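Chemist: Numbering (my numbering), first residue to last: 1290 to 1443.
1) Could you give the first and the last residue of the continuous beta strand (DSSP E) run that contains residue 1389?
2) Going by DSSP, what residue range makes up the alpha helix (DSSP H) through residue 1322?
3) Comparing C-alpha positions only, which one of 1393, 1398, 1410 sits nearest to residue 1433?
4) Are there three or more Cβ pairs, one per stretch, closer than 8 Å when the segment 1356 to 1366 is compared with the segment 1328 to 1341?
5) Going by DSSP in three states, residue 1437 sits in which element: helix, strand or coil?
6) Whole angstroms is fine: what's the gap from residue 1343's alpha carbon to residue 1402's?
7) Across which residues does DSSP place residue 1341 in a beta bridge pair?
8) Specify the secondary structure class of residue 1405 as computed by DSSP and reduced to three states.
9) Can you say whether residue 1411 is buried or exposed, counting buried as having 16 or more other CB atoms within 10 angstroms of its CB?
10) On a Cα-Cα basis, can you pick out the residue from 1423, 1396, 1421 that is closest to residue 1442?
11) Would residue 1377 pass as a contact of residue 1415 if the rule is Cβ separation under 8 Å?
12) Determine whether the beta carbon atoms of residue 1420 and residue 1387 lie at a separation below 8 Å.
13) Rounded to whole angstroms, what's the CA-CA distance from residue 1379 to residue 1373? Just pull it up for me.
14) Applying the 10 Å Cβ sphere with the 16-neighbour rule, what's the burial state of residue 1315?
15) Does the ligand GDP have a heavy atom nearer than 7 Å to the CB of residue 1316?
16) In chain order, what residues of the same chain have a beta carbon less than 8 Å from the beta carbon of residue 1330, not counting five sequence neighbours either side?
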């Protein structure tokens, strides 16, 4: 009986040791968002394209864009020249092994449509959701913006 008990205890010890795996460190979602905001403020569309997932989704009000090509063309490139100095203020954040998000409010300067017109101030709510890809890179998977009406800047 003693040899059997020793063998059982040894087997349990080996099984518990071999089953351990180290968790990958959680991604820093603030760093991901700062890369995105930095590229946006630098008007670096090539860098923004590398941050978008192939199946990225964009939502703002009733507007919806799906896929990297559509989001890149109809949101990033279409609005890049109309705003500057994008800032975010986080109110909620979360990460796990495969997803990370930040949500909160944003503000931006809205550029005039024509010379002589005033600048504007845009603000609203945002959520940026990142997903870990098969190659372990992190890509922006979902963007939701809910903007308030633009105010004339003093």
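For each residue, glycine too, the CB sits at the ideal point set by N, CA and C.
Small disclaimer: the values here were computed from a predicted structure and weren't measured.
Modeler: This is what the structure gives:
1) 1388 to 1399
2) 1318 to 1330
3) 1393
4) yes
5) coil
6) 32 Å
7) 1429
8) coil
9) buried
10) 1396
11) yes
12) yes
13) 19 Å
14) exposed
15) Because no ligand of any kind appears in the structure shown, any question about the ligand GDP cannot be addressed here.
16) 1373, 1374, 1375
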